[in-house]
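Residue numbers (the numbering used here): 1441 to 1550.
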């Protein structure tokens, strides 16, 4: 069983028990969060697609917050001795998926 959720303007395919990195969420480490924008839920041959979203939710626990690898930006213009460089590190939140629409980790495994 898996679901496609949208958070932070991006879409993620998640399953119960997986860990996923998403854009920063305003939640403390160890806190459970409910991700309400579920676009698709697939359970074997039963596939439900929202138009645009389903009413079910995905529950996850915040594992950690962090910053991604540094991306270097370097701009130059030929023959003009113009050089500009910058760096960027994106903040993220790491989530562990606990349940999809009421199906918890224990019920999926056993």
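Glycine included, each C-beta is placed from N, C-alpha and C at the ideal position. Remember, it's a predicted structure, so these values are computed and weren't measured experimentally.
Problem - Alpha-carbon to alpha-carbon, residue 1442 and residue 1449 - result: As a first step, residue 1449 must be located in the chain shown, where it is residue number 9. As a first step, residue 1442 must be located in the chain shown, where it is residue number 2. Their backbone Cα atoms lie some 19 Å apart in a straight line.
Practice task
Identify which residue in 1532, 1452, 1538 and 1539 has its Cα closest to the Cα of residue 1508.
Solution key: Here residue 1508 refers to the residue found at position 68 when the chain shown is read from its first residue. Nearest C-alpha to residue 1508: 1532.
Problem - 8 Å Cβ shell around residue 1464 - same chain, five flanking residues per side excluded - result: Counting from 1 along the chain shown, the entry for residue 1464 is found at position 24. Only 1448, 1505, 1531, 1532 and 1533 meet the Cβ criterion.
Practice task
Could you tell me the boundaries of the beta strand (DSSP E) in which residue 1459 lies?
Solution key: In the chain shown, counting from the first residue as 1, residue 1459 sits at position 19. Run containing residue 1459: 1459-1463, per the beta strand (DSSP E) assignment.
Handout entry: Any 3 or more C-beta pairs closer than 8 Å across the segment 1496-1503 and the segment 1453-1473
Key = Under the Cβ criterion (8 Å, minimum of three pairs), the segment 1496-1503 counts as touching the segment 1453-1473.
Handout entry: Distance between residue 1528 and residue 1537 (C-alpha atoms, nearest Å)
Key = Locating residue 1537 in the chain shown gives position 97, where the first residue counts as 1. Locating residue 1528 in the chain shown gives position 88, where the first residue counts as 1. Each residue's Cα considered, the two are about 28 Å apart.
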